[in-house]
Amino acid sequence: MSKESIVQRIISDAEAEAEKIVSDAERRAEEIVAAAKERARRNSDGTRLEAEKRAKAIADGKAATARLDCAKLELAAKRKVLDEVYSRALDGLINLGEKDSLCIAERVLKEYADDGDEILFDVSYKHTAAVAKLPIISEKSLKIAKSKGMLGGGFILKGKSCDKDVSYGAMLAADREERVAEIAAQLFSKG
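One point on numbering: in the working numbering, the residue at position 120 of the sequence shown is 146, and numbering is uninterrupted.
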């Protein structure tokens with residue numbers, strides 16, 4: 027073999043080796059780029075999913091807040107209606123005719139008055155003189171107070187050991203506390 031053929035062979039081997047190195051490097055570079063693209067795609071997908079989750083959580087939170095605000099407004103409106111119902115009931119009791127008013131007064135006095143209690147009427151009570159003539163007044167030795175108070179209609183019983191608030195306002199407040207759910211169900215039932 028001649029010197030020239032050896033050099034040619036070395037150059038040829040070197041070129042083949044260089045082509046192989048370049049080919050391997052290009053293949054490796056393509057693998058690295060493909061792996062980087064895959065990582066970027068996964069990161070993008072993960073970020074998108076995380077953003078969608080956060081957006082859904084925010085939207086759900088806003089929806090829950092809106093539902094709560096609506097429920098609060100509805101409850102306030104219902105309370106206003108119930109307040110009006112009881113306000114009208116109080117007005118109705120205060121403006122009862124003498125016969126009905128005396129019937130209520132006699133029943134309340136029989137049930138709640140103790141012997142010797144003093145009856146303090148509300149300033150709006152129109153039938154004080156008629157109540158003073160009821161038989162229960164003498165039976166229980168009840169006294170009629172000379173002054174009147176702002177009681178919410180009706181009267182209170184001032185006793186030796188305790189006072190009893192049997193005014194219309196107090197009776198309606200007790201009724202409301204006891205029956206508000208039942209009344210609300212009747213007023214606001216859907217159907």
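From the three backbone atoms N, C-alpha and C, an ideal C-beta is built for every residue, glycine too.
These numbers were taken from a predicted model, which means no experiment stands behind them.
For residue i, the first and last residue of its enclosing alpha helix (DSSP H)
| i | result |
| --- | --- |
| Lys63 | Lys29 to Ile120 |
| Ala139 | Note, Ala139: premise wrong, no alpha helix (DSSP H); not H, not E. |
| Ala156 | Thr154 to Ala158 |
| Ser164 | Pro161 to Glu165 |
Identity of the residue in the options nearest residue i by Cα
| i | options | result |
| --- | --- | --- |
| Ile162 | Ala171, Gly180 and Asp143 | Asp143 |
| Ala155 | Gly178, Ala44, Leu128 and Ala62 | Leu128 |
| Val134 | Gln34, Ile182 and Ala89 | Ile182 |
| Lys166 | Lys136, Arg68, Lys172 and Lys98 | Lys136 |
| Leu160 | Lys82, Val149, Val206 and Lys125 | Lys125 |
| Val149 | Arg35, Ile32, Arg54 and Gly178 | Gly178 |
| Glu132 | Val157, Tyr151 and Tyr112 | Val157 |
| Ser215 | Lys104, Ser187, His153 and Lys184 | Lys104 |
| Ile209 | Ala62, Tyr112 and Ala40 | Tyr112 |
| Lys184 | Val33, Ala42, Glu57 and Asp141 | Asp141 |
| Val206 | Leu101, Leu75 and Glu41 | Leu101 |
One or two residues paired with residue i in a DSSP bridge
| i | result |
| --- | --- |
| Leu183 | Ile145 and Lys190 |
| Gly175 | Asp148 |
| Ile170 | Ile145 |
Heavy atom of the ligand FAD within 7 angstroms of residue i beta-carbon
| i | result |
| --- | --- |
| Ala60 | You won't find the ligand FAD in this model; it holds no ligand whatsoever. |
8 angstroms Cβ cutoff, residue i in contact with chain C
| i | result |
| --- | --- |
| Arg35 | In the displayed structure, chain C is absent; only one protein chain is listed. |
Rounded distance between the beta-carbons of residue j and residue i, thought under 8 angstroms
| i | j | result |
| --- | --- | --- |
| Ala139 | Leu168 | 6 angstroms |
| Ile145 | Ile170 | 5 angstroms |
| Leu116 | Leu213 | Incorrect: roughly 17 angstroms between the Cβ atoms, too far for contact. |
| Phe147 | Lys190 | With a Cβ gap of about 14 angstroms, Phe147 and Lys190 do not count as contacting. |
Do three or more CB pairs link the region 103 to 123 to the region 182 to 195 at distances below 8 angstroms?
-> yes
Count the CB pairs spanning the region 101 to 111 and the region 202 to 215 that are closer than 8 angstroms, and state whether there are at least three.
-> yes
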